[in-house]
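Residue numbers (the numbering used here): 536 to 662.
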């Protein structure tokens with residue numbers, strides 16, 4: 536019975552959540568084991584990517600983002616398409632305001648979830 540409930544949940548899954556999980560699987564397959572990701576839903580991303588994940592910073596202050604990157608070793612940022620106001624107001628807005636800091640490395644089909652490598656992080660140094 537529980538297996539049928541899980542399968543039914545997967546069939547009814549919201550497309551935006553499916554795209555987020557697709558991006559999480561991509562992160563798990565294409566980033567080094569030591570990658571640290573900043574995302575809006577860190578527990579869900581960690582479960583599906585197998586990477587360390589830190590919560591999104593709800594600020595547009597560059598010093599706060601840089602402090603989080605330096606403290607947590609953030610290498611990637613996820614901008615999801617799940618419709619959360621915080622993602623658009625902070626993650627998407629910060630990445631768009633500072634394009635020199637980020638390299639787009641993966642994007643799903645709409646509703647798009649995007650993965651960015653943070654230049655200067657461990658991913659940037661490994662290139």
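Backbone N, C-alpha and C fix where the C-beta goes; we use that ideal spot for every residue, glycine too.
Measuring straight from C-alpha to C-alpha, what distance separates residue 621 and residue 589?
15 Å
Alpha carbon to alpha carbon, what distance is there between residue 548 and residue 632?
Taking the Cα positions, residue 632 is about 32 Å away from residue 548.
Tell me which same chain residues have a C-beta within less than 8 Å of the C-beta of residue 628, skipping the five on either side of it?
Hits under 8 Å: 595.
According to DSSP, residue 587 sits in a beta bridge with which residue or residues?
571
What does DSSP give as the partner residue(s) for residue 639 in the beta ladder?
651
Can you tell me whether DSSP reads residue 611 as helix, strand or coil?
Strand.
On the premise that residue 609 lies in contact with residue 650, defined as a C-beta separation below 8 Å, what is that separation, rounded to the nearest angstrom?
That pair is no contact at about 12 Å.
Would residue 664 and residue 583 be called neighbours here (beta carbons separated by less than 8 Å)?
An answer regarding residue 664 cannot be provided, because it is not within the stretch 536 to 662 covered by the chain.
Our contact map puts residue 579 next to residue 625 with C-beta atoms below 8 Å; I'd like the distance itself, whole angstroms only.
Contact doesn't hold; Cβ gap of about 18 Å is too wide.
Is the separation between the beta-carbon of residue 619 and that of residue 558 shorter than 8 Å?
no
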